[in-house]
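Protein chains in written order, with the numbering used here: chain S, -12 to 301; chain B, 2 to 508. The beta carbon of each residue, even a glycine, is placed where N, CA and C say it ideally should be. All of these numbers come straight from a predicted model, not from anything done at the bench. So the structure is just underneath, and the comments pick up after that.
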Amino acid sequence: MYTYIARRLILTCFILFSLSIILFISIHAIPGTIVEVMLGVEATTENVAALEKKMGLDKPIFVQYLKWLSNLVRGDLGDSLRTGRPIFGEILQRLPVTLQLTLYSMIISIFIAIPMGMISAVKQNSLVDHLLRPISIVGLSVPSFWWGILFIILISYYIPSFYSGGYVSIFSDFWGNFKAVFPPSLAMGIGMAAVVTRFTRSSLIEVLKEDYIVTARSKGLSELWVVGKHGMRNSLINILTIIGLQTASLLGGAVLVEVVFSLPGVGRLVLDAVFQRDYPMVQGSILVISFLFVMVNLVVDLLYGWLDPRIRLS
Amino acid sequence: MKRRTFWSVILGMLSVLILAVNVSAAQPKRGGTLVWRVGAETATLDPHLANTLGSTELLRNIYSTLLRFDENAAIVPHIAKSWKVSADGLTYTFILRDDVYFHNGRKLTSKDIQYNIERMKDPATGSPRAASFSLVDKIETPDDTTVVIRLKETFAPFLGSFADENALLVPKEIVEDNSITKKAVGTGPFTIEKMVAGDYVLLKRNPRYFIQGKPYLDEIKLKLISENSAIAASMRSKTIDGTNVWGAMYRFFEKMRDIRMQDVPVYSWAMMEINTSKPPFDNQKLRLALAYAIDRQEIIDSVMLGNAKITAPLPEGMVGYAADWKSLAGYEVDLEKARALLKEAGYEKGLKFQLKTSTAYAPYVPTAQVIQSNLKKIGVEVEIVPMEWGAYIKDITSLDTWTVCFHSFPSYGADPDNYLYRFFHTQGPWNIGFSDPVTDELLDLGRQVTDVPSRQLVYRRVQKRLAEMAPVVYTWRTRLSYALQPYVKGVMLGPVSTNFDSAWLDK
């Protein structure tokens, strides 16, 4: 298993390396440089040229890339073109927000989805099932930023004391942190819950048709034991896959919710950096997000083996 | 009689009492944190390069200017306590305060003023303010508190260049050690205590600020919120103390109670620019035809929901300078005239062009859509090209990559020259391809004459000429208000500057 992890990590390096090339080319392919954005509608050709020279943006793109790469190998992500501050520090400052959002929305969605999916599967085609299915369709089709705006308006009208003035660290103010993170996590979690509910339902229905479930029932085991132990355990592989994929995409997909709730997360860091053409910042932060994405997938793969000993990682 | 005296004494005492209560209520209180909403982060920490609202909103608190604009856009002393202009308008002498210190403890002297003008003027710096100082010939510093500046030629708006919110004074040492883009060391009322990217900037009171006893606030938190519903919710829940309000935001604020709304005169504006340097729009008749067909009021009603005004080239608040827009050519919709002009221009069968604009600001694309439907009525077909901000800026920077574009501009101080010369003079730094000897002559004259009545006359004529030549179509000046919590007092909100020196919290 350790060789498996080592191999995966080496592969990750290759993925990140190729990604960095694609990123570098595509971000530089977008018209407009940081200088033009900085000077705005009043940019003149002379001013732009003078400042680009100052920032080293007049050099050929591969020279810029090699410089960036050689710094990266030495563990230096570089400085932001806009603020002049180290990029790694900026990302570290923002990462807890996005991680917390992702974690909370994952927990929220699991708490909603697993029971709903189980009930739907067990009581297939019953009234409850017919009610729960359209609800999950709504959850699936309404985008997270819309839930976000809705929550902001509802909270500020009806429970203004619960409205958060912005992100605070969980270590300095637990309640303030909860107020800031719970509504956006819920907004993100609803969509994910809908997906997981539908997956749980379909895979559990499938498993419940298996022979060993019939055997378990005929042994006289209680229905709770049959569904909870034999049914769920065997459908968990599928559910885990989808939770893993969804969680990983939440990491990058938190952008909209972060914008709506003015949360200083990594998603908004990337978005702002793209708009500002802060090239090293875009590269640095997307590399970190990609790294986390790959890591979440690795963890899911490792969990497979733990859940189902028949799967051997090698 | 006696009775009357008695009552008048009582009345007198009462009024004294009321007055006293009023006075005590108006007495500023020290301390507290003001949470002010901003819509964007600063694009850079170097004030000489800063050119966006997000940058100005931060840096004006940390750095100071030589002079200042007050709430009526009149020039008042600041670091310079007095100034003298020679009769020929070529020599400016400033006497500086003797008690101004940078945040690093060094005293500001006349040498700093010299250094700053030279840095802004130097093309290698790339400062957007270079044009304001390009006519400076010589700077002398006979002693630490005297600066004498000689100009190559008369330049009436020169004094205002020093009051521009962005003409901030930096200490030489942070430029030399290259830390100017990483930290902010000014002479202003506040210092940067903490910057949390994407969230807020916390400013702390500068105890050595040169205006005695000010600022009253201990801290200002510039909180970044860009989503309209979140801004309204923050105001309602009192998590922010003040914000500007414009455009679509009024929808959220109009019904809000317990909030003070204060309108300020607006000098910023939006216009459709026409690239006059190449066909087909080198044709004046064609341009004027467009102007006659565009319904400005429809744009204001449908896009700005009534929260804007039709504008002449110069803003209404600029006392005496703004022309009455109804008297200008092309301002009132006249489709017959537009068609006739089109015919004279040789485009009887209509034409097609691309209108570039950015998606970065909400009203741009909808405005372009109204223009599109307006022009369709005279057989002109407009293809709207909505672009991301950075890409848009790149395209409009060169005359080769756009034909017609639409966006808005910030305010550029209080002098009419700032609003016209840069776009319409052949030598203007942001010339949009427009070159007209009559306009050039008038704009030069505006810089040379220094008495206000003559300048008013000159600029009225410039505006008339511009309307006839139609290199641009001025559309609207938005209404701008500030929404403040009732306990926020003393914020100086002017048309071209804002400051928090005297701001305090009555709670």
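{"Check": "For the region 221 to 242 of chain S, list every residue whose C-beta sits within 8 Å of some C-beta in chain B, in sequence order.", "Outcome": "none"}
{"Check": "Anything in chain S within Cβ reach of residue 183 of chain B, meaning under 7 Å, just list it in chain order.", "Outcome": "71 and 72"}
{"Check": "Find the residues of chain B that neighbour residue 199 of chain S, judging by a C-beta separation of less than 7 Å, and give them in chain order.", "Outcome": "Within chain B, no residue comes near residue 199 of chain S; the closest Cβ sits about 52 Å away, beyond 7 Å."}
{"Check": "Quick check on residue 159 of chain S - is its C-beta less than 7 Å from some C-beta in chain B?", "Outcome": "no"}
{"Check": "Between the region 61 to 71 of chain B and the region 225 to 244 of chain B, can you find at least three pairs of beta-carbon atoms closer than 8 Å?", "Outcome": "no"}
{"Check": "How many Å lie between residue 181 of chain B and residue 46 of chain B at the Cα?", "Outcome": "7 Å"}
{"Check": "So what's residue 196 of chain B in DSSP terms, helix, strand or just coil?", "Outcome": "strand"}
{"Check": "Against chain S, does residue 249 of chain B count as a neighbour if the rule is that its beta carbon must be under 7 Å from one of theirs?", "Outcome": "no"}
{"Check": "What number of angstroms, rounded off, separates the C-alpha of residue 79 of chain S from the C-alpha of residue 258 of chain S?", "Outcome": "16 Å"}
{"Check": "Alpha carbon to alpha carbon, how far is residue 359 of chain B from residue 486 of chain B? Give it in angstroms, no decimals.", "Outcome": "33 Å"}
{"Check": "Runs of 4 residues minimum, wholly inside the region 211 to 284 of chain S: which ones carry the alpha helix (DSSP H) assignment?", "Outcome": "219 to 240, 242 to 247 and 253 to 263"}
{"Check": "Tell me which residues share the same chain as residue 249 of chain S and place their Cβ nearer than 7 Å to its Cβ, disregarding the 5 neighbours each side in the sequence.", "Outcome": "153"}
{"Check": "Starting from residue 206 of chain B and walking both ways along the beta strand (DSSP E), at which residues does that stretch end?", "Outcome": "201 to 206"}
{"Check": "Give a yes or no on whether the minimum CB-CB distance between residue -4 of chain S and chain B is below 7 Å.", "Outcome": "no"}
{"Check": "Cβ of residue 233 of chain S within 7 Å of Cβ of residue 179 of chain S?", "Outcome": "yes"}
{"Check": "Measuring alpha carbon to alpha carbon, tell me which of S:275, S:295, S:124 and S:27 ends up nearest residue 64 of chain S.", "Outcome": "S:275"}
{"Check": "Hey, how far is the Cα of residue 281 of chain S from the Cα of residue 183 of chain S?", "Outcome": "21 Å"}
{"Check": "Could you name the residues of the region 255 to 275 of chain S whose beta carbon sits closer than 9 Å to any beta carbon of chain B, in the order they occur along the chain?", "Outcome": "255, 256, 259, 261, 262, 263 and 264"}
{"Check": "Which complete alpha helix (DSSP H) runs does the region 228 to 255 of chain B hold, if anything under 4 residues is left out?", "Outcome": "229 to 237 and 251 to 254"}
{"Check": "Out of curiosity, what's the CA-to-CA distance linking residue 202 of chain B and residue 334 of chain B?", "Outcome": "47 Å"}
{"Check": "From residue 503 of chain B to residue 9 of chain S, what does the alpha carbon distance come to, in whole angstroms?", "Outcome": "52 Å"}
{"Check": "At what residue ranges does the region 129 to 193 of chain S contain a whole run of the alpha helix (DSSP H), taking only runs of 4 or more?", "Outcome": "131 to 145"}
{"Check": "With a threshold of 6 Å on Cβ separation, who are the neighbours of residue 469 of chain B within its own chain once the five nearest residues in sequence on each side are excluded?", "Outcome": "330"}
{"Check": "In chain order, which beta strand (DSSP E) runs of at least 3 residues are fully inside the region 165 to 190 of chain B?", "Outcome": "none"}
{"Check": "Between B:229, B:174, B:150 and B:478, which lies nearest to residue 252 of chain B when the distance is taken from Cα to Cα?", "Outcome": "B:229"}
{"Check": "Just verifying my parser: in three-state terms, what is the DSSP assignment at residue 119 of chain S?", "Outcome": "helix"}
{"Check": "Mind checking residue 55 of chain S: buried by the 16 CB within 10 Å criterion, or exposed?", "Outcome": "buried"}
{"Check": "At a cut of 8 Å, does the region 428 to 446 of chain B reach the region 456 to 463 of chain B through at least three beta carbon pairs?", "Outcome": "yes"}
{"Check": "Is residue 405 of chain B near the ligand NAP, in the sense that its beta carbon is under 6 Å from a heavy atom of that ligand?", "Outcome": "Although the ligand NAP was asked about, the structure shown includes no ligands whatsoever."}
{"Check": "My guess is that residue 188 of chain B and residue 160 of chain B are in contact by the Cβ rule of under 8 Å, so how many angstroms apart are they, rounded?", "Outcome": "Not confirmed; about 20 Å, so no contact."}
{"Check": "List the residues of chain S that residue 390 of chain B touches, going by C-beta distances under 8 Å, in chain order.", "Outcome": "19, 24 and 262"}
{"Check": "Is residue 231 of chain B close to chain S, meaning its C-beta is less than 7 Å from at least one C-beta of that chain?", "Outcome": "yes"}
{"Check": "Any chance you could list the alpha helix (DSSP H) runs of at least 4 consecutive residues sitting entirely within the region 20 to 76 of chain B, in chain order?", "Outcome": "54 to 60"}
{"Check": "When you check each C-beta in the region 401 to 414 of chain B against every C-beta of chain S, which residues fall closer than 7 Å?", "Outcome": "408 and 410"}
{"Check": "Hey, is the region 296 to 308 of chain B in contact with the region 413 to 430 of chain B, meaning 3+ C-beta pairs nearer than 8 Å?", "Outcome": "no"}
{"Check": "Residue 490 of chain B bridges to which residues according to DSSP?", "Outcome": "B:505"}
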